[in-house]
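Below you'll find the structure, written out as structure tokens, and then a few comments.
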DNA sequence: CAACACATTGCAACCGTTTACGACTAAAAA
DNA sequence: TTTTTAGTCGTAAACGGTTGCAATGTGTTG
């Protein structure tokens, strides 16, 4: 049951040097004579010595671990973000400690506190909406935090996003240009920063600006089924242009429309604000707002590495470009 | 820059007790008088004391962290597995340390070693094929390992799977019953345990058994585009029945077939061996082998908790039931 | 040859906990 | 009253490293 077979002390003894010296060669400190280094390395090799990262963490106060906070692993949006984060983290030799907070804010603060107790060197937060307690915890700690694909209303924390308002308006503009007047917004969590503080605002601005009266915002549409089932209401409301934030939802609406004999894009145009495989798979293929999710994650992680290294950030609020990619679900 | 504001020692001093006592109340040890406990808890509360999990880990040799090894976060297959794992891990108060090993085996052993150095209490492995070095490392350590959705040829490690051979044969049987004779297998990694040691074997058995001559195995089909592009070859080979292991690939084939005017299921039947949203979204909807991915992950994690707790496993090789769910892509 | 600079190494404190062990107290048993 | 017993609590040694500082040796310089 001996977990730690061989410690730094064993190596020191075998190599006839002090632990300090072994520690130095393990950490690539170059204040070591070449022959000594080689001698130590030989022993390390022979004994299969592996440093205990927990002990290193305690002594050095750095765990080379970053915490990731997200709502749902199986949501492609977060999966893509995570991939960008993971790749950069790996590149900089950080491990990722995962924490999904489900879809509710319940216990978010406990989850975060737990992460902090594990002494992560930094945190990437990509949940939709930061709760008050969470924010307090983040403000109290000096562990750096970067938001990826979301932001806080006060811009208190560094973040990486796209210009959600502009994207929303551009998408709405396309629908309007195509002659659609009864425009609707379909979102998941209405309280999410991206929705409440961006999409809703942009939508209302747009509607006012173009003197469009029929405001339709549908919330809590998260799954394919939600989208499929929502179609009835959409039809009743005579909506002819839709922007859905998740593409599985958009796909559900599109399929329901097709099944009901409604022609896309003639009678109904659909734009998805996310862009995953699904948008290509559903027929007609969806016009989408292409968010550079991978890049958002990667940039966020890169920023975090700087912060963990006590470097300054050139820009604490990076906004990456999006593109509106037209496809068959709009004219 | 003081990371640790308040330690157990501070609490001890303020509460006029020893560190040992504080430790006891923190860990819920009941050898503490009620009044003492309350006094200590009050101080903990007042000082916002949070235990340092790294120090706990070093002293107790348990990190309440498990390592997760998988190829790709953005592959729904692994995402679903992970969710099952994550939920159970959370339930048992474990955190997850993520390690994706890309699609190549390169450095897999380093990744694993790194995880082990961080003193994870256990590992869940769900990559397709365990490399030799990886296996050696796992055999040398006494950190428990459970395989989820895969297995090793020798059954050396506990695992949770479905009966891939039976599933394969049942699917092939359906195609044959529907009059298809030119049956093909489309897989991602041909060397993966699930394919090499199960699907290929079952396929060849089946073909022999039914005296079918035209063997078609297509490898390296991983993405929607791969599937779409593969269709040409499939057509040339006059294949009329397909089992694809990934549903995005199946969707690609289906869409390519539709675009080429090939009728599904009349001229071509398709079965997907995986079952995510995509199978429902593509038209015609795909007949799928429903793997209980979430459950596989959950059961694997549950087994791991037992192992980490030095409990015996009733069954080290759990096989969960699958179902063949017929839909529009087969008759 | 003395003085000094620099490279190399060891000493020992420290990181923040857990936990065996023993001490102490008060109540129960003899 | 004396001895047991059980319940509480403190002491101090781990856990496996890192790192500031001092010590040593070696070569350089005046």
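Chains as they are written, first to last, in my numbering: chain A, 2 to 332; chain E, 2 to 332.
Cβ atoms here follow ideal geometry from the backbone N, Cα and C, with glycine treated the same way.
Here the alpha carbon of residue 134 of chain E sits roughly 20 Å from the alpha carbon of residue 7 of chain A. In chain order, 81 and 82 place their CB closer than 6 Å to the CB of residue 294 of chain A, counting only its own chain and leaving out the 5 sequence neighbours on each side. Counting along the chain, the unbroken beta strand (DSSP E) around residue 99 of chain E starts and ends at 96–101. Under the criterion of beta carbons closer than 8 Å, residue 40 of chain E and residue 16 of chain E qualify as touching, at roughly 5 Å. Separation of residue 329 of chain E and residue 255 of chain A (C-alpha to C-alpha, rounded to the nearest whole angstrom) is 18 Å. At a cut-off of 9 Å, the C-beta of residue 222 of chain A has no neighbouring C-beta in chain E.
Counted as a single uninterrupted DSSP element, the stretch harbouring residue 78 of chain A is not any beta strand (DSSP E) but the alpha helix (DSSP H) occupying residues 77–92. Separation of residue 281 of chain E and residue 265 of chain E (C-alpha to C-alpha, rounded to the nearest whole angstrom) is 15 Å. DSSP, reduced to helix, strand and coil, places residue 265 of chain A outside both helices and strands of the structure shown, so it counts as coil. Secondary-structure assignment with DSSP links residue 276 of chain A through no beta bridge to anything.
At a cut-off of 9 Å, the C-beta of residue 80 of chain A has a neighbouring C-beta in chain E.
Counting of Cβ neighbours within 10 angstroms places residue 143 of chain E among the exposed residues, the total staying below 16. The alpha-carbon of residue 253 of chain E is positioned some 7 Å away from that of residue 227 of chain E. If only uninterrupted beta strand (DSSP E) runs of at least 3 residues are considered, those enclosed by the stretch 43–79 of chain E are 66–71.
Comparing C-alpha distances from residue 171 of chain E to each of E:48, E:51, E:273 and E:217 shows the shortest one belongs to E:273. Cβ neighbours of residue 285 of chain E within its own chain (closer than 6 Å, five residues either side excluded): 265, 329 and 330. Remark: fewer than three beta-carbon pairs, one from each stretch, lie closer than 8 Å, so the stretch 146–163 of chain E and the stretch 176–192 of chain E are not flagged as touching. The DSSP-derived three-state label of residue 123 of chain A is strand.
Contact of residue 161 of chain A with chain E is not assigned, every C-beta pair being separated by 9 Å or more. Under the three-state reduction of DSSP output, residue 204 of chain A falls in the helix class.
Listed along the chain, the chain A residues whose CB falls inside 7 Å of the CB of residue 52 of chain E are 118. Counting other Cβ atoms within 10 Å of its Cβ, residue 72 of chain A reaches 16 or more and is therefore classed as buried. Beta-bridge annotation (DSSP): residue 291 of chain E is paired with E:324. With a contact defined as Cβ atoms closer than 8 Å, residue 116 of chain A and residue 124 of chain A qualify at about 6 Å. Counting only residues of its own chain and dropping the five nearest sequence neighbours on each side, residue 218 of chain E has a CB closer than 6 Å to the CB of 186.
Around the C-beta of residue 241 of chain A, 16 or more other C-beta atoms lie within 10 Å, and the residue is accordingly described as buried. Using beta-carbon distances, residue 125 of chain A does not count as an interface residue toward chain E, since no partner is under 9 Å. In the structure shown, the three-state DSSP call for residue 151 of chain A is coil. Contact annotation for residue 101 of chain A against chain E: 87 [CB-CB distance below 7 Å, chain order]. For residue 55 of chain E, the residues of chain A that pass the 8 Å Cβ criterion are 55, 58, 59, 64, 119 and 120, in the order they occur in the chain. The beta carbons of residue 258 of chain A and residue 244 of chain A sit no closer together than 9 Å. Around residue 281 of chain A, the beta-carbon contacts reaching into chain E at under 7 Å are 225.
Counted as a single uninterrupted DSSP element, the stretch harbouring residue 331 of chain A is not any beta strand (DSSP E), since DSSP gives it neither H nor E. Beta-bridge annotation (DSSP): residue 185 of chain A is paired with A:217 and A:243.
Under the DSSP assignment, residue 161 of chain E falls in the beta strand (DSSP E) whose first and last residues are 160–163. With respect to the C-alpha of residue 147 of chain A, the residue from A:161, A:56, A:325 and A:13 having the closest C-alpha is A:161.
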